[in-house]
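Undergrad: In my numbering, the protein residues as written are 882 to 1039. Note that CB positions come from ideal geometry on N, CA and C, so glycine has one too.
#1: Would you identify the three-state DSSP class for residue 895, choosing helix, strand or coil?
#2: With DSSP as the reference, label residue 1002 as helix, strand or coil.
#3: Measuring CA to CA, which of 916, 909, 1023 is closest to residue 971?
#4: Is any heavy atom of the ligand NAP found at a distance shorter than 7 Å from the C-beta of residue 1022?
#5: Going by CA-CA distance only, name the one from 1016, 1030, 1025, 899 that's closest to residue 1000.
#6: Give the DSSP-derived three-state secondary structure of residue 984 in the structure shown.
#7: Between which residues of its own chain and residue 1033 is the CB-CB distance below 8 Å, once the five residues before and five after are set aside?
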């Protein structure tokens, strides 16, 4: 039951992420400038060719394939955990969020050569690195896993 929940969440996250990318690309078709939505939020178009926050960014032709392969490997490892070990609703949700986000960003790397980021929050001139729906899902999933580890019921070692 929890496996189905996790995989359903992964599917919804992946679909929402992949639907948002062509839309944002159409908004910025022709080189449009950032779109101010509120005083603290813009829509932008950034291709992240590195990992988190653009770290290890490079323009090599194999880079997107290596990073996509790494994301898929991690997502498959979490999928295996979900199928074998995750019995709690919170863990199923967390795993689903991470799996859907990882597959979404991996597909971006293969389709576009980098992850399409477009959500830009800023305060007092400081801009958080742009991100996307997949990134949000991955972060929320990781926070849920950390919260479960810190505050969840202690399980006996087996």
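TA: Considering the structure as presented:
#1: DSSP places residue 895 within a helical segment (H, G or I) once states are collapsed to three.
#2: Note: residue 1002 maps to strand in three-state DSSP.
#3: For residue 971, the nearest C-alpha among the options comes from 1023.
#4: Looking at this structure, you won't find the ligand NAP or any other ligand, since it has none at all.
#5: Relative to residue 1000, the option among 1016, 1030, 1025, 899 whose CA is nearest is 1016.
#6: DSSP places residue 984 in the helix class (H, G or I) of the three-state scheme.
#7: Closer than 8 Å at the Cβ level, and outside the excluded window around residue 1033, lie 969, 971.
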